[in-house]
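A.B. asks: This is the structure I have questions about; it appears just below.
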Amino acid sequence: MNRTTADYNPIIDDSDFLEFESSPSNEIVVSDLSSRNPNIEFDEQLASAQQQLKELKKQEEQIENQKAELELLRQMQSAFNRGKVEMLDNLQHAITLLERERLDAEQRILQYSRAQSTFKRTLDSIGSLNPEDCPHSKLHDELTQANTQIEDARDEYMRTLKHLDNLNTQEDQSNSEGDSITHLSTTSIGLRNFQYWFKSGFAFSLPIIVFVMFIYITYKYIL
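According to numbering that gives the first Met the number 0, the sequence shown is numbered sequentially starting from 0.
Next comes the structure, spelled out in structure tokens:
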């Protein structure tokens, strides 16, 4: 049977159509493709793992920084709480002590003012005694009365000093208990020596007073 060109089918008519000659170059190309794909995939996985590791390290650093910042804030908050409580207690205690010291100081000032007024009044009274100006007939009575006033003044003087010394003793006891504010050492020493100097002054003056009175009486009535 004769067939035209249009009826030609290479698959049917050409027995060599499906047969091709394999060449070494084709085998190399296939071999290269099959051997390169696993390496590329491994490199990509390695790069991805390294990137994830970097991100994890970065996150770890951020977490550590946040942790350090939180610890610092905790320490600062703790220091603030302790300092606040400490200063509130100290200030409240100091206010209480100062109030008590103020009241004690006002009481001492009041007692000192009274003692000062008493001493001034007694000073004027003793200074006005002049028994030598009276007539001879009344000298005995005047001297007796003057000596009585001096003895009364002495008793009042010693009683006042003892009272002031008791005030200072109470202050020293309060200081020894550690409940009062620290005072100036010079002021404390001056207050503690208050009675001593008054007693010493009177002790120094008494022999002179007796001697002068003895000379006056001897000169007035014997000579």
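We put the beta carbon where it would ideally sit given N, CA and C, even for glycine.
(1) Give me the Cβ distance between Q110 and L166, rounded to the nearest whole Å; I'm assuming they're in contact under 8 angstroms.
(2) Going by the beta-carbon positions, is the gap between A145 and P134 smaller than 9 angstroms?
(3) Taking the straight line between their C-alpha atoms, what separation do you get for L102 and S112?
(4) If you measure from the CB of L122, is any heavy atom of the ligand FAD nearer than 8 angstroms?
(5) Do you know how far the Cα of Q49 is from the Cα of N80?
(6) Helix, strand or coil: which one does DSSP assign to L128?
(7) Out of curiosity, what's the CA-to-CA distance linking G126 and T168?
(8) What is the rounded straight-line gap between the Cα of S236 and the Cα of Y156?
(9) Which word fits L87, buried or exposed, when buried means at least 16 other C-beta atoms lie within 10 angstroms of its C-beta?
(10) My guess is that Q148 and S124 are in contact by the Cβ rule of under 8 angstroms, so how many angstroms apart are they, rounded?
(11) By a C-beta neighbour count over all protein chains shown, 10 Å radius and 16 as the cutoff for buried, is L232 buried or exposed?
C.D. replies: To lay it out plainly:
(1) 6 angstroms
(2) no
(3) 15 angstroms
(4) The ligand FAD is absent from the structure shown, which contains no ligands of any kind.
(5) 46 angstroms
(6) coil
(7) 32 angstroms
(8) The first residue shown for the chain is 0 and the last is 222, placing residue 236 beyond what the model contains.
(9) exposed
(10) 7 angstroms
(11) The requested residue 232 is not part of the displayed model; the chain covers only 0 to 222.
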